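These notes are about the structure you will find just below.
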Ligand code: NDP
């Protein structure tokens, strides 16, 4: 594997300099007491609509199969414990499978505190051998007494549709630029012969499908990823790198995050802190992909709370050119990518696609 050096430069660019962007005539100009230069109202990236398009593509594929193909993609889901949010996510995934003509299998362990690692490992081994199962998903988090790493490692990498097995991670983190390396087509995820985590994949897919499906050119852009988790920050940074962006990853120990973000053409925020990224931290005309899902009090709503992202959306949309809302941005893409990974896995297992 090639080693990767991330160079994080702290640059002091005064706000007055940052706000010299001249938006295209199609953008709405709004005068503001806060910023002295032109402002724009961002195009909202409709993740719900893009995810629906991808799901329809998969549904069409499965409904127009030759009659001699009887097998259907199957997703097996393991749910341990009784967290309400996990139950909701699993229900959504099962419904999504059914909607697009896939099978799903659920193994529930509601008494999470009593279940043993061995029980879970045995179930995964069973699914690894089961020809009807093409994708295995372990709903995280698992109870504290269970080693997530041990459970995730047991999943056959070919069925690891969450892309969290170390074998899949290693492939994602290989830059494949050395002589003789197999060149992968990073513009077509369905051609990549291993599994890529769903949320990061969904972020790139959004960039590729905005602008009436024309997408934006990622190559050569400065991309800053806020957050370095295994689930989102690190893999999304790798995907941007594979698409020839210049990447910077910032995290809780980074100094001057604001000035680093002011250099970013593309910002991916995956932090888990409500409204952390402020409009004044953003370069006018940038693209913002907000992965964060944070629950904040909203006494005037029926539920008493609402979901917001990691970016101060109301203000940021007056500065950037494209932005994802929360909810309705990255979230729906995660499930769409899970379905697509499972279909890819099924195509490979049934010989319809190269291994
Ligand atoms: P983690 O908690 O695993 O990682 C958060 C990252 O943010 C860490 O790398 C942490 O840095 C960094 N961070 C924390 N505080 C700061 C700070 N003040 N400044 C800069 N960086 C900071 O979260 P996840 O990556 O799993 O999730 C991130 C968000 O995305 C959450 O809101 C989650 O709910 C959401 N999410 C949404 C999904 C979707 O489908 N839309 C799917 C998955 C997640 P350090 O490493 O230094 O601690």
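Numbering (this note's numbering), first residue to last: 7 to 361. Glycine included, each C-beta is placed from N, C-alpha and C at the ideal position. For clarity, every value in this text was computed on a predicted model and none was experimentally measured.
Sequence ranges, alpha helix (DSSP H) only - wholly within the region 306 to 346, length at least 4: The qualifying runs are 319 to 322.
Where does residue 122 land, buried or exposed, given buried means 16+ other C-beta within 10 angstroms? Under the 10 Å beta carbon count, residue 122 is surrounded by fewer than 16 other beta carbons and is classified as exposed.
Is the closest heavy atom of the ligand NDP to the C-beta of residue 234 under 7 Å? Yes, the beta carbon of residue 234 sits closer than 7 Å to at least one heavy atom of the ligand NDP.
If residue 108 sits next to residue 68, beta carbons under 8 Å apart, how far is it from one beta carbon to the other, in whole angstroms? So it is a contact: roughly 7 Å between Cβ atoms.
On the DSSP bridge list, what partners appear for residue 134? Paired residue(s): none; residue 134 is not in a bridge.
Spatially closest choice to residue 299 from 337, 329, 328, 272, by CA coordinates: Nearest of 337, 329, 328, 272 to residue 299, Cα basis: 337.
Cβ-heavy atom distance between residue 144 and the ligand NDP below 7 Å? Outside the cutoff, so no.
Whole runs of the beta strand (DSSP E) within the region 156 to 200, excluding any shorter than 3 residues: Entirely contained in the region 156 to 200, not one beta strand (DSSP E) run reaches 3 residues.
Considering Cα atoms alone, identify which of 347, 272, 134 is closest to residue 327. Residue 272 is the option with its Cα nearest to residue 327.
Taking its Cβ as the centre, do 16 or more other Cβ atoms sit within 10 Å of residue 171, making it buried, or is it exposed? That one is buried.
Mark residue 40 as exposed unless 16 or more other C-beta atoms lie within 10 angstroms of its C-beta, in which case mark it buried. The pLDDT assigned to residue 40 is 41, lower than 50, so where the model puts this residue is not dependable, and the model offers no usable value.
Residue 209 beta carbon less than 8 Å from that of residue 297: In contact: residue 297 and residue 209 (Cβ atoms closer than 8 Å).
Residue 258 in three-state terms, based on DSSP: Reduced to three states, the DSSP call for residue 258 is coil.
Considering only their Cβ atoms, is the gap separating residue 144 from residue 157 smaller than 8 Å? Result yes, Cβ atoms of residue 157 and residue 144 sit closer than 8 Å.
So, do the region 77 to 84 and the region 231 to 249 have three or more beta carbon pairs nearer to each other than 8 Å? By the criterion of at least three beta-carbon pairs nearer than 8 Å, the region 77 to 84 is not in contact with the region 231 to 249.
Rounded C-beta distance between residue 169 and residue 203? I'm assuming under 8 Å. The pair is a contact, with the Cβ atoms about 4 Å apart (cut-off 8 Å).
For a test of your reading of the model: does the CB of residue 237 fall under 7 Å from any non-hydrogen atom of the ligand NDP? Yes or no. For the ligand NDP, at least one heavy atom lies less than 7 Å from the Cβ of residue 237.
Spatial neighbours of residue 173 within its chain, please: C-beta separation below 6 Å, excluding the five flanking residues on both sides. The beta carbon of residue 173 sits closer than 6 Å to those of 163, all from its chain and outside the five residues before and after it, given in chain order.
Suppose you measure from the CA of residue 285 to the CA of residue 47; what does that come to, to the nearest Å? Distance between the alpha carbons of residue 285 and residue 47 is about 12 Å.
Closest residue to residue 177 among 198, 140, 139 (Cα-Cα distance): Selected option, being the one with the closest Cα: 198.
How is residue 81 classed by DSSP in three states: helix, strand or coil? DSSP places residue 81 within a strand segment (E or B) once states are collapsed to three.
I'd like to confirm something about residue 300: is its beta-carbon nearer than 7 Å to some heavy atom of the ligand NDP, or not? Yes, the Cβ of residue 300 comes within 7 Å of a heavy atom of the ligand NDP.
Selection from 155, 290, 130 that minimises the alpha carbon distance to residue 321: It is 290 whose Cα lies nearest to the Cα of residue 321.
Can the beta-carbon of residue 130 be found closer than 8 Å to that of residue 161? Result yes, Cβ atoms of residue 130 and residue 161 sit closer than 8 Å.
Residues in its own chain within less than 6 Å of residue 126 by CB, not counting five upstream and five downstream? The answer, listed in chain order, is 157.
Given a cut-off of 8 Å, decide if residue 119 and residue 147 are closer than it, judged by their beta-carbon atoms. No, the pair does not count as a contact, with Cβ atoms beyond the cut-off.
Just reading off the alpha helix (DSSP H) that residue 64 is part of, what are its end residues? Segment 53 to 69, the alpha helix (DSSP H) holding residue 64.
Pairs of beta-carbons, one from the region 344 to 354 and one from the region 132 to 144, closer than 8 Å: are there three or more? Segments in contact, yes.
Between residue 228 and residue 270, which are expected to be in contact by the criterion C-beta below 8 Å, what is the C-beta distance as a whole number of angstroms? Taking the Cβ atoms as the reference, residue 228 lies roughly 5 Å from residue 270, within the contact range of under 8 Å.
Where residue 54 and residue 330 are concerned, what is the direct C-alpha to C-alpha distance, given to the nearest angstrom? Those two C-alpha atoms are separated by around 10 Å.
Continuous alpha helix (DSSP H) stretch holding residue 296: start and end: Premise fails: residue 296 lies in the beta strand (DSSP E), 293 to 296, not in any alpha helix (DSSP H).
Once the 5 residues before and after residue 88 are set aside, which same chain residues still bring their CB inside 7 Å of it? Excluding sequence neighbours, residue 88 sits near 116, 118.
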